[in-house]
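Enquirer: Before I ask anything, here is the structure I am working with.
Residue numbers (our numbering): 1149 to 1378.
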């Protein structure tokens, strides 16, 4: 595989590197109970992994006729940090993929809607933090969680040329955020977005399983090298 030191890969965190759904959903259910609601367990909350926190909390509370968004966000942070984030195992083969890219000199970054300090804690918990050159995330109050701005910040702060960069994520936010910065984006199908969602968002390619990711990344960089002005 032909990687070089100008190549840069930006990873989403939840649903791309770590399987975080259970910890997030359990934290949301705990918040609802704190606010006096009985969680409706028939509702599939898989979609909550990816959007900015304020947006998803407001949507969920509306189902219960509740508008205490700021209070719910504070409760969520407490539950997630004490328990939820510990339920975020690394997807099979992702550790090896990250280690291989790092060993080949590829610059690696995380761009996540999670608060930066929580994302860093999860990378520490999973012994992955040393492979990344930087991390772009929301502020502690969950503001600044939009993917276009997060990706732009990585490119700007680390002097990365957009043609040398590739975003990898499981939701439409990752794809549209990359394309807003004229960066190519791979959609991954082991996370929480559907094939339809990622295709409609315009993913440059789709990857079915983590063991195929290295090859897909290599193909994207090879194509960029053959068409440097595309």
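Here a beta-carbon is modelled for each residue, glycine too, at the ideal position from N, C-alpha and C.
Which ranges does the beta strand (DSSP E) cover as unbroken runs of at least 3 residues, wholly within the stretch 1235-1293, from first to last along the chain?
Expert: Those beta strand (DSSP E) runs which fall completely within the stretch 1235-1293 and span 3+ residues are 1255-1263, 1282-1286.
Enquirer: Assess, as a yes-or-no matter, whether the stretch 1186-1193 is touched by the stretch 1249-1257 under the definition of 3 or more beta carbon pairs within less than 8 Å.
Expert: At 8 Å Cβ cutoff, the stretches do not touch.
Enquirer: Just to confirm the assignment, what range does the alpha helix (DSSP H) spanning residue 1413 have?
Expert: Residue 1413 cannot be examined here, being either before or after the span of the chain that is shown, 1149 to 1378.
Enquirer: Within its chain, find whatever has a CB closer than 6 Å to the CB of residue 1352; leave out the 5 residues flanking it on each side and keep chain order.
Expert: Residue 1352 sits at position 204 when you count from the first residue of the chain shown. Correct list, in chain order: 1332, 1333.
Enquirer: Are residue 1336 and residue 1317 touching if we call contact CB-CB under 9 Å?
Expert: In the chain shown, the residue the question calls residue 1336 occupies position 188. In the chain shown, the residue the question calls residue 1317 occupies position 169. Yes; because the gap between Cβ atoms is below 9 Å, this pair is in contact.
Enquirer: Compute the beta-carbon to beta-carbon distance between residue 1198 and residue 1340, rounded to the nearest angstrom, for a pair I have assumed lies under 8 Å.
Expert: Numbered from its first residue, the chain shown carries residue 1198 at position 50. Numbered from its first residue, the chain shown carries residue 1340 at position 192. Residue 1198 to residue 1340, Cβ: 6 Å. Contact.
Enquirer: To the nearest angstrom, how far is the alpha carbon of residue 1252 from that of residue 1212?
Expert: Along the chain shown, read from residue 1 onward, the residue named residue 1252 stands at position 104. Along the chain shown, read from residue 1 onward, the residue named residue 1212 stands at position 64. One C-alpha to the other measures close to 50 Å.
Enquirer: For residue 1204, name the three-state secondary structure that DSSP assigns.
Expert: Locating residue 1204 in the chain shown gives position 56, where the first residue counts as 1. If DSSP states are grouped into helix, strand and coil, residue 1204 belongs with the helices.
Enquirer: Give the straight-line distance between the Cα atoms of residue 1275 and residue 1166, rounded to the nearest whole angstrom.
Expert: The count along the chain shown starts at 1 and reaches residue 1275 at position 127. The count along the chain shown starts at 1 and reaches residue 1166 at position 18. Whole-angstrom Cα-Cα distance: 12 Å.
Enquirer: What is the DSSP secondary structure of residue 1343, reduced to helix, strand or coil?
Expert: Taking the first residue of the chain shown as position 1, residue 1343 is located at position 195. Residue state, collapsed to three classes: helix.
Enquirer: Where does residue 1316 fall in DSSP's three states?
Expert: Locating residue 1316 in the chain shown gives position 168, counting from the first residue. Strand.
Enquirer: What is the DSSP secondary structure of residue 1162, reduced to helix, strand or coil?
Expert: Position 14 of the chain shown, counted from the first residue, corresponds to residue 1162. Correct three-state label for residue 1162: strand.
Enquirer: Let me make sure I understand the geometry here. Which of 1272, 1279, 1302, 1260 has the alpha-carbon closest to that of residue 1291?
Expert: Translated into positions along the chain shown, residue 1291 becomes position 143. Residue 1291 has its Cα closest to that of 1260, out of 1272, 1279, 1302, 1260.
Enquirer: How far does the alpha helix (DSSP H) with residue 1217 in it reach, from first residue to last?
Expert: Numbered from its first residue, the chain shown carries residue 1217 at position 69. First-last of the alpha helix (DSSP H) with residue 1217: 1217-1230.
Enquirer: Please list, in chain order, all residues of the same chain as residue 1268 whose beta carbon is under 7 Å from its beta carbon, the five residues on each side excluded.
Expert: Here residue 1268 refers to the residue found at position 120 of the chain shown. 1277, 1283.
Enquirer: Identify the continuous alpha helix (DSSP H) that holds residue 1301 and give its terminal residues.
Expert: Within the chain shown, numbered from 1, the residue matching residue 1301 stands at position 153. Start and end: 1295-1305.
Enquirer: So, does the stretch 1324-1331 touch the stretch 1353-1366, judging by three or more C-beta pairs under 8 Å?
Expert: Flag = no, the stretch 1324-1331 and the stretch 1353-1366 do not touch.
Enquirer: What separation, rounded to the nearest whole angstrom, lies between the Cα atoms of residue 1338 and residue 1163?
Expert: By one-based count along the chain shown, residue 1338 stands at place 190. By one-based count along the chain shown, residue 1163 stands at place 15. Using only the alpha carbons, I get a separation of about 7 Å.
Enquirer: When burial is assigned at 16 or more other CB atoms within 10 Å of the CB, is residue 1188 buried or exposed?
Expert: One-based indexing of the chain shown puts residue 1188 at position 40. Flag for residue 1188 reads exposed.
Enquirer: Within 10 angstroms of its Cβ, does residue 1234 collect 16 or more other Cβ (buried), or is it exposed?
Expert: Counting from 1 along the chain shown, the entry for residue 1234 is found at position 86. Classification for residue 1234: exposed.
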